[in-house]
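Residue numbers (our numbering): 46 to 139.
Written out as structure tokens, the structure is:
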């Protein structure tokens, strides 16, 4: 389950998830925004196999019939990103 809130003063979205990993609580939020070019970038800190990692979610082509979403990890504090998950969506109707 997710909770998504927009802060109009900061112009950022905060997205929280809940899962069995955080039973009865929300995970720390992913925070980001959609820029004027339509690309949305959202970031959070996480731990993968005991190693701290920065996570980036990116939405692109959001005004097309096939928007894209991808996830990438950074193990060097955001200097480089390693994509590890891609999704392409197809709009069925408007």
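Just so it is clear, CB atoms sit at the ideal spot from N, CA and C, and this is done for glycine as well. All of these numbers come straight from a predicted model, not from anything done at the bench.
Proximity below 7 Å, CB of residue 99 to CB of residue 77: no
Status (buried if at least 16 other CB within 10 Å, exposed otherwise) for residue 93: Its Cβ having fewer than 16 others within 10 Å, residue 93 is exposed.
Beta bridge counterpart(s) of residue 50 as assigned by DSSP: 59
Span of the beta strand (DSSP E) around residue 93: 85-93
Residue 51 classed as buried or exposed, judged by whether at least 16 other C-beta atoms fall within 10 angstroms: exposed
Classification of residue 53 by the beta-carbon crowding that lies within 10 angstroms, buried from 16 upward: exposed
Within 7 Å, strictly: CB atoms of residue 83 and residue 107: yes
Burial state of residue 74 (16 or more Cβ within 10 Å): Classification of residue 74: buried, given that the 10 Å Cβ count is 16 or more.
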